[in-house]
Amino acid sequence: MPSYAVTGTSRGLGLGFIKALAADTNNIVFALTRSKSSSKDLVEFAAQNKNVHVVEGHPDDAKSLENGAKEVAKITGGTLDVLINNAALMWHERSHTTLDAFPSPDILDVDLTSFFKTNVLGVIHTINAFLPLLKAGATKKCIVISSPLGTEKMTLDANLAAFAGYSISKAALNLTTAKYTARFREEGLIFVSFNPGFVKTMQGTEEEINKFYDNQVAFLRKFYPDYEGAITIADSVRDQLSLISRVTLKDSGAFLNRDGTVAGDTP
């Protein structure tokens, strides 16, 4: 039975992955979340789907990730086919603050470090915790959910001086994927970064959600007239799962759009 572990599954894209994977009862699905007590929708879904196991693992706590991997290993016999690194810090109260405009150097340090700790070190600790299982797995695939906001091209195309902490962390994350590829491709392990698209994961009223995405898409289309716009969680997950099934060792280290093309030229 194919086995999948997904991080950041309490809501949004991560929960979407869990629901899609659980639909195939041949899959064994592990949903890693920071806390079961704060993941009500996930826990309720798992209770109705016997092939889903909720496992606690905090991206900022390497020990909790190691314990989560041990819990998965007990169920699978020490193997894992696919690891999907989705957990991330996306937003901060000062996300719109440019690097030169922080209230103090100390606050700048705290903010950027928080993004790096979760989005880069968190993924590294997750991969390291699950490496023994992936090595023993059949497909040996590790997917990292990234963003074109971490590319120099999009930053310069759209003059995006804001979102520095998130963007810088995603740039570092793409290089992290390349580093793992350089280390493990001779052993047949596959590490690929994905651009999931501009996914509608925002919470709020329908009016608030539509206004937010309409404004963001209108802004991006000033620079990318053919930009597809925001997409649903279901569409993003469907395309990414299809891509996961197709990626091979020759793709390892790459940053790919969900259609399999090389990411970075457009959102």
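Quick note: the sequence shown uses UniProt numbering, first residue 1, plus one each step. Glycine residues also receive a C-beta, built at the ideal position from the N, C-alpha and C atoms.
Of the choices ARG11, GLY264 and TYR4, whose alpha-carbon is the least far from that of LYS153?
GLY264
Just to confirm, are VAL192 and ILE233 a CB contact at a threshold of 8 Å?
no
Cβ-based neighbour list, GLY16, same chain, cut-off 8 Å, excluding 5 preceding and 5 following:
ILE233, ALA234, SER236 and VAL237
Express the C-alpha separation of THR25 and SER245 in angstroms, rounding to a whole number.
17 Å
Classify ALA129 as helix, strand or coil using the three-state DSSP reduction.
helix
Can you grab the Cα-Cα spacing for the pair ALA46 / HIS58, in whole Å?
In a straight line, the C-alpha of ALA46 is about 19 Å away from that of HIS58.
Would you decide whether ARG34 is buried or exposed? Buried here means 16 or more other CB atoms lie within 10 Å of its CB.
buried
I'd like the list of long-range same chain contacts for ALA69, defined as Cβ closer than 7 Å, with 5 residues on each side in sequence excluded.
ALA129, PHE130 and LEU133
Have a look at ASN174 and GLU208 and give me their C-alpha separation to the nearest angstrom.
32 Å
Environment of LEU156 [buried if 16+ CB atoms lie within 10 Å]:
Per the 10 Å Cβ criterion, exposed.
Put LYS179 into one of helix, strand or coil per three-state DSSP.
helix
For VAL237, which three-state DSSP category applies?
helix
Just the Cα atoms here: how many angstroms apart are LYS36 and PRO225?
42 Å
Give me the Cα-Cα distance between GLU186 and ALA87, rounded to the nearest whole angstrom.
Cα to Cα, GLU186 sits roughly 27 Å from ALA87.
Note down, in chain order, each residue of its chain lying with its Cβ closer than 6 Å to the Cβ of TYR180, except the 5 sequence neighbours on either side.
Sequence-distant partners of TYR180 (beyond 5 residues in either direction) whose C-beta falls short of 6 Å from its own C-beta, in its chain, are PHE191.
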